[in-house]
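>
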Amino acid sequence: MRPGLLSDAGRPLAIAHRGGALLGPENTREAFAAAIAAGAEVVETDLRFSADGALVCLHDADLMRLAGHQGQVAETDLATLRALLPGLLTLDEAIASSAPLGLLLDVKLSEPRILNPILAALDAADALPRCLLGLRDIDLIGAARRLSPEIAILALVPNPDSIMAARSAGADWFRLWQGEATPERLAAIREAGMGSVIMVGQPRSVAEPGYPPFPVGRIDADGIASMLALGPDAVMLDDPRLLLRTRAVTGASSI
8 MRPGLLSDAG RPLAIAHRGG ALLGPENTRE AFAAAIAAGA EVVETDLRFS
58 ADGALVCLHD ADLMRLAGHQ GQVAETDLAT LRALLPGLLT LDEAIASSAP
108 LGLLLDVKLS EPRILNPILA ALDAADALPR CLLGLRDIDL IGAARRLSPE
158 IAILALVPNP DSIMAARSAG ADWFRLWQGE ATPERLAAIR EAGMGSVIMV
208 GQPRSVAEPG YPPFPVGRID ADGIASMLAL GPDAVMLDDP RLLLRTRAVT
258 GASSI
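Take any residue in the sequence shown, note its place counting from 1, add 7, and you have its number in the numbering used here.
Have a look at this one:
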């Protein structure tokens with residue numbers, strides 16, 4: 008696993024999903040500040056292009072859920088996005104607002120053109136050592152690794168058994184959904200030399216067999232305990248306090 012990302016922090020790392028979506032409005036300064044105050048080690052945010060090429064921290068491809076507005080993020084300019092969503096962060100603002108925590112960037116696009124501006128922004132802010140680049144495509148992982156030997160990469164690929172393919176492409180970390188997290192897969196990630204991230208909750212709007220009956224980012228105390236028993240390197244959830252409290256009680260430590 009590539010060194011540098013909070014190597015001295017406790018394990019499993021508490022990653023505040025969408026900045027800490029149960030602590031404040033998702034992907035906003037308010038949520039980031041609350042995650043920092045709560046003691047999270049990493050904040051996660053999403054990245055998309057606006058119509059005029061700005062890198063904006065929005066999860067959805069459209070604006071209906073967050074703004075009640077018909078329209079696509081990719082077809083809307085930054086000024087209009089800010090008018091619709093006053094708490095909107097650009098990548099530069101997210102880098103500044105997340106300091107000193109680690110920053111996980113969930114890149115929602117698989118187009119290689121998105122990589123250079125992300126890496127340039129991180130480099131300009133001296134934020135590469137605390138950043139984890141989350142990519143959803145094996146080819147994109149390879150492209151990012153060729154562009155930057157330094158950046159830590161998290162594989163957010165849909166196939167939970169593509170561990171070796173992700174590692175071969177250049178990934179340092181591998182994400183499993185809670186319903187996919189088995190001792191065998193966690194062991195395979197460790198054997199491949201990667202760090203493991205468990206994303207809690209349900210990846211679909213309708214619960215599927217084998218997955219917990221919670222929406223994405225949500226989990227209960229029993230679920231946290233079962234995740235800790237697997238020994239992951241990080242857990243991503245909307246309220247990092249749930250993990251931090253359980254971690255303190257169980258005495259989970261650096262690995």
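All C-beta atoms, glycine included, are put in the ideal place defined by N, C-alpha and C.
Since the model is a prediction, treat every value here as computed from it, not as a measurement.
Taking the beta strand (DSSP E) that F181 belongs to, which residues open and close that run?
Position 174 of the sequence shown, counted from the start, is the residue given in the question as residue 181. First-last of the beta strand (DSSP E) with F181: 180-184.
> Report, in whole angstroms, the separation of the C-beta atoms of R25 and D53, which I expect to be a contact under 8 Å.
Locating residue 25 in the sequence shown gives position 18, counting from the first residue. Locating residue 53 in the sequence shown gives position 46, counting from the first residue. 7 Å between Cβ atoms; contact.
> For a test of the three-state rule: what should DSSP assign to L225, helix, strand or coil?
Position 218 of the sequence shown holds residue 225. According to the sequence displayed, residue 225 carries Arg and not Leu. Coil.
> Under 8 Å between the Cβ atoms of I43 and M243?
Translated into positions along the sequence shown, residue 43 becomes position 36. Translated into positions along the sequence shown, residue 243 becomes position 236. Going by C-beta atoms, I43 is not nearer than 8 Å to M243.
> Taking the CB atoms as reference points, tell me whether D113 and L85 lie closer together than 8 Å.
On the sequence shown, position 106 is the one that residue 113 refers to. On the sequence shown, position 78 is the one that residue 85 refers to. No, the Cβ-Cβ distance between D113 and L85 is not below 8 Å.
> Assuming R55 is part of the beta strand (DSSP E), what are its boundary residues?
Against the sequence shown, residue 55 aligns to sequence position 48. R55 -> beta strand (DSSP E) spans 49-56.
> Among all the DSSP beta bridges, which residues are the ones paired with Q209?
Mapped onto the sequence shown, residue 209 falls at position 202. Partner(s): P222.
> What span of residues does the alpha helix (DSSP H) with A103 cover, start to end?
As a working mapping, residue 103 is identified with position 96 in the sequence shown. From DSSP, the alpha helix (DSSP H) with A103 extends over 98-105.
> Determine which residues share a DSSP beta bridge with M243 and list them.
Within the sequence shown, residue 243 is the residue found at index 236, counting from 1. M243 is bridged to I22, M206.
> Can you tell me whether P19 is buried or exposed? The criterion is at least 16 other CB atoms within 10 Å of its CB, across all chains shown.
Sequence index remark: in the sequence shown, residue 19 carries index 12 (1-based). It is buried - the Cβ of P19 has at least 16 other Cβ atoms within 10 Å.
> State the DSSP-derived secondary structure class of V63, mapped to helix, strand or coil.
For the purposes of this step, residue 63 is identified with residue 56 of the sequence shown, where counting begins at 1. In this structure, V63 counts as strand in the three-state DSSP scheme.
> Could you tell me the distance, in whole angstroms, from the CA atom of I333 to the CA atom of A40?
For the chain, the structure presents residues 8 to 262; residue 333 sits outside this window and is missing.
> Ignore the nearest five residues each way along the sequence and tell me which others in A81's own chain have a CB closer than 8 Å to its CB.
By 1-based counting over the sequence shown, the position of residue 81 is 74. Cβ within range, chain order: R55, F56, S57, A58, A68.
> Locate the beta strand (DSSP E) running through I160, then write down its first and last residues.
The residue labelled residue 160 in the question sits at position 153 within the sequence shown. 159-162 is the extent of the beta strand (DSSP E) around I160.
> Skipping 5 residues on each side, what residues in its chain have a beta carbon closer than 6 Å to that of G78?
Counting from 1 along the sequence shown, the entry for residue 78 is found at position 71. Taken in chain order, the residues that qualify are L70.
> Relative to the C-alpha of D227, which candidate in V204, Q185, L193 has its C-alpha closest?
Along the sequence shown, one-based indexing puts residue 227 at 220. Among V204, Q185, L193, the Cα nearest to that of D227 is on Q185.
> Using a 10 Å radius around the Cβ and a threshold of 16 neighbouring Cβ atoms, would you call I262 buried or exposed?
Start at 1 with the first residue of the sequence shown, and residue 262 comes out as number 255. Note that I262 has pLDDT 37, beneath the 50 cutoff, so the model's placement of it is unreliable and the number below is only indicative. So I262 counts as exposed.
> In whole angstroms, what is the alpha-carbon distance linking G141 and M234?
Taking the sequence shown and counting its residues from 1, one reaches residue 141 at position 134. Taking the sequence shown and counting its residues from 1, one reaches residue 234 at position 227. Taking the straight line from one Cα to the other gives about 21 Å.
> Run through DSSP, which three-state label would L30 get?
Within the sequence shown, numbered from 1, the residue matching residue 30 stands at position 23. Correct three-state label for L30: coil.
> Excluding the five sequence neighbours on either side, which residues of its own chain have a C-beta within less than 8 Å of the C-beta of I121, listed in chain order?
To locate residue 121, count along the sequence shown from 1; it is residue 114. Same-chain partners within the cutoff: L54, F56, L62, V114.
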